[in-house]
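Peer 1: The letter at position 234 of the sequence shown is residue 643 when you use the numbering used here, and the numbering goes up by one with no holes.
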Amino acid sequence: MHTRRQVLRGGLGLFTLGSIGGLAKAGGGGQRCPFQGAGGAPRLQDAPLKSSRPLAATSFDPEPRIIEGFPVRSWFEGDDYNNGLDFPFHTSQNDFPGGEPPEPTETVDVVVAGGGLSGMTAAHLLRQYNPVVFEVNPRFGGNARGGVLHGAEYTLGSAYVIAPDPGSFLDSLYQDLGLPDVARVDDQPAPVEINGKINPDIWAGMGVPPEDIPAYEAYRQLVIRMAEDTYPDVPFANQWERDLDLLSFKQHIEQEVGLPIPVPLQAAIQAYCYSSFVAGWEEISATSGWNFLAAEEFGRWVFPGGNAWIADALWRKLRTLDQTDPDHAPHLRGGCPVVDVRVRPDGMVHVTWKNPDGEFRALLARRVILACPKHICRQIIHQLRERDEEKYETTYLQT
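The structure is reproduced here in structure tokens:
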């Protein structure tokens with residue numbers, strides 16, 4: 410199993426890869442995909458996938474709102490779930506007519522539930538098995554989506570990855586996706602606004618009150634030490650990592666710096682934690698905090714459109730499966746959430762999903778990868794609570 414340090418040093422961040430064991434290639438067997446019409450031609454009215462691209466073209470808002478003199482779109486471009494009334498998996502998603510899921514209409518080797526970077530990476534690495542990838546949103550990419558406006562790419566979510574080690578496995582994956590051709594190394598100081606003034610590099614003491622410089626320098630040295638000497642891996646097996654996990658991120662920084670933390674520095678750390686964890690530095694453990702923040706010292710790659718460029722490269726690779734395995738096209742099924750996964754006595758997996766019209770459909774798969782949050786897994790794995798109460802109780806969403 411890859412540790413987070415190995416994955417980060419490879420440059421891709423965390424992804425989910427399911428074991429396929431002794432999976433044998435089925436050679437395109439099984440029943441035809443119900444998306445298809447006569448002769449195997451996709452019925453686009455049943456599969457509106459032309460806008461599923463992570464880095465999709467967009468346009469100016471004809472009626473933008475003006476905020477402090479700047480035009481702002483009248484509605485945001487993130488997830489839109491009917492004004493909060495229809496969030497996926499916050500209510501039952503598998504109330505089947507008659508109480509049972511529909512009969513499967515096709516058979517595939519691999520299903521991936523989740524079309525973000527994790528799911529599409531897993532599908533790409535298993536492409537010899539012609540996987541079918543389901544995504545709850547019409548567009549693929551998850552948190553790595555972006556847009557193209559007048560030829561310029563921009564990000565709507567995650568913006569960078571950790572620079573890869575030359576010759577590593579994930580470095581080879583980057584090469585395969587063509588990422589080195591467009592990557593830019595983000596090695597410039599990050600300017601910070603403090604009290605209405607732009608400070609080009611606070612870590613060099615620019616714009617920092619002289620009395621605060623020792624605290625900034627102590628913090629900078631702490632970050633370097635945690636990255637180079639005592640980086641905590643996840644999953645962690647060492648006792649010192651467990652001990653570190655008992656402290657909050659805030660407690661450990663204050664303890665190690667040994668000086669009052671300047672308010673602007675506190676704000677910068679807090680903003681990072683809210684962005685990365687949706688929690689404050691006083692809430693997360695020191696092990697988790699350093700596992701993310703110290704990894705920034707490995708260097709960053711940025712792309713046109715942020716990580717949407719990676720998602721788009723994966724999307725373009727996976728789209729070719731429709732030509733190599735037309736019987737199960739489309740292999741990328743956006744706006745089609747998986748709502749129920751159950752293993753049959755013969756070992757095959759019965760996978761039920763909703764098409765864009767809200768109709769339940771089902772297929773059989775030899776293996777299924779759930780590349781989605783754990784609190785969603787607990788909703789869609791059939792009888793998880795009865796089969797493993799402990800796992801069920803640990804996969805809840807805390808709000």
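Beta carbons are placed, not taken as given, at the ideal position from N, Cα and C, and that holds for glycine.
Which same chain residues end up closer than 7 Å to Ala627 when comparing Cβ atoms and leaving out the 5 residues on each side of it in sequence?
Peer 2: Val666, Gly667 and Leu668
Peer 1: Spatial neighbours of Pro609 within its chain, please: C-beta separation below 8 Å, excluding the five flanking residues on both sides.
Peer 2: Pro598, Pro600, Met615 and Gly616
Peer 1: By how many angstroms is the C-alpha of Trp690 removed from the C-alpha of Ala676?
Peer 2: 10 Å
Peer 1: Going by C-alpha to C-alpha distance, which of Gly560, Trp724 and Gly744 sits closest to Pro547?
Peer 2: Gly744
Peer 1: If you draw a straight line from the alpha carbon of Asp470 to that of Gly560, how long is it in whole angstroms?
Peer 2: 16 Å
Peer 1: Cβ of Glu706 within 9 Å of Cβ of Ala636?
Peer 2: yes
Peer 1: When DSSP labels each residue in this structure, what does Lys434 get in the three-state scheme?
Peer 2: Model confidence at Lys434 stands at a pLDDT of 34, short of 50, so the residue's coordinates are unreliable; what they give is reported in the following sentence. Coil at Lys434, not helix or strand.
Peer 1: Examine the Cβ distances between the segment 760-776 and the segment 508-520 and report whether three or more of them are shorter than 8 Å.
Peer 2: yes
Peer 1: Where do the N-terminal and C-terminal ends of the beta strand (DSSP E) with Pro589 fall, by residue?
Peer 2: Premise fails: Pro589 is in no beta strand (DSSP E) and is neither H nor E.
Peer 1: Please name the residue in Thr803, Arg634 and Leu730 whose C-alpha comes closest to that of Tyr538.
Peer 2: Leu730
Peer 1: Just verifying my parser: in three-state terms, what is the DSSP assignment at Tyr805?
Peer 2: Residue state for Tyr805 is assigned as coil, using DSSP reduced to three classes.
Peer 1: Does any residue of chain D have a CB that is nearer than 9 Å to the CB of Ser697?
Peer 2: Chain labels in this structure do not include chain D; a single protein chain is all it has.
Peer 1: Distance check for Pro765 and Arg593, CA to CA, integer angstroms please.
Peer 2: Cα to Cα, Arg593 sits roughly 37 Å from Pro765.
Peer 1: Only counting the same chain, and skipping five residues up and downstream in sequence, which positions put a Cβ closer than 6 Å to that of Cys781?
Peer 2: Ala522 and Gly523
Peer 1: Would Tyr801 pass as a contact of Arg794 if the rule is Cβ separation under 9 Å?
Peer 2: The Cβ atoms of Tyr801 and Arg794 lie closer than 9 Å to each other.
Peer 1: Tell me the start and end of each unbroken alpha helix (DSSP H) in the segment 499-569 that is at least 4 residues and wholly inside, in chain order.
Peer 2: 526-534
Peer 1: Give, in chain order, every unbroken run of the alpha helix (DSSP H) that is at least 4 residues long and sits entirely within the segment 575-647.
Peer 2: Qualifying alpha helix (DSSP H) stretches, in chain order: 578-586 and 622-637.
Peer 1: If you drop the 5 nearest sequence neighbours on each side, which residues of the same chain put their C-beta closer than 7 Å to that of Cys786?
Peer 2: Leu779 and Thr804
Peer 1: Below 6 Å CB to CB, which residues in the same chain sit around Val520 once its five sequence neighbours on both sides are set aside?
Peer 2: Val541, Val760, Ala774 and Val777
Peer 1: Let's test the definition: count the other Cβ atoms within 10 Å of the Cβ of Thr639 and tell me whether it reaches 16, buried, or not, exposed.
Peer 2: exposed
Peer 1: Let's see if you can read the secondary structure: which residues bound the alpha helix (DSSP H) around Pro673?
Peer 2: First-last of the alpha helix (DSSP H) with Pro673: Val672 to Phe686.
Peer 1: Between the C-alpha atoms of Gln648 and Arg634, what's the straight-line distance to the nearest angstrom?
Peer 2: If you take the alpha carbons of Gln648 and Arg634, they lie about 18 Å apart.
Peer 1: By the DSSP assignment, the beta strand (DSSP E) with Arg482 in it spans what residues?
Peer 2: Per DSSP, Arg482 belongs to no beta strand (DSSP E) and is neither H nor E.
Peer 1: If you reduce the DSSP assignment to three classes, tell me which class Phe707 lands in.
Peer 2: Helix, per DSSP.
Peer 1: Report whether the distance from the Cβ of Glu650 to the nearest heavy atom of the ligand FMN is below 8 Å.
Peer 2: Inclusion of the ligand FMN in the displayed structure is not the case, the ligand content being empty and no account of it being possible.
Peer 1: Asp580: which of Trp710, His661 and Cys682 sits nearest, CA to CA?
Peer 2: Residue Trp710 is the option with its Cα nearest to Asp580.
Peer 1: Examine the Cβ distances between the segment 693-704 and the segment 724-739 and report whether three or more of them are shorter than 8 Å.
Peer 2: They do not touch, by the three-pair rule.
Peer 1: Distance, Cα to Cα, Lys763 vs Thr530?
Peer 2: 23 Å
Peer 1: Helix, strand or coil: which one does DSSP assign to Gly439?
Peer 2: Model confidence at Gly439 stands at a pLDDT of 49, short of 50, so the residue's coordinates are unreliable; what they give is reported in the following sentence. Coil.
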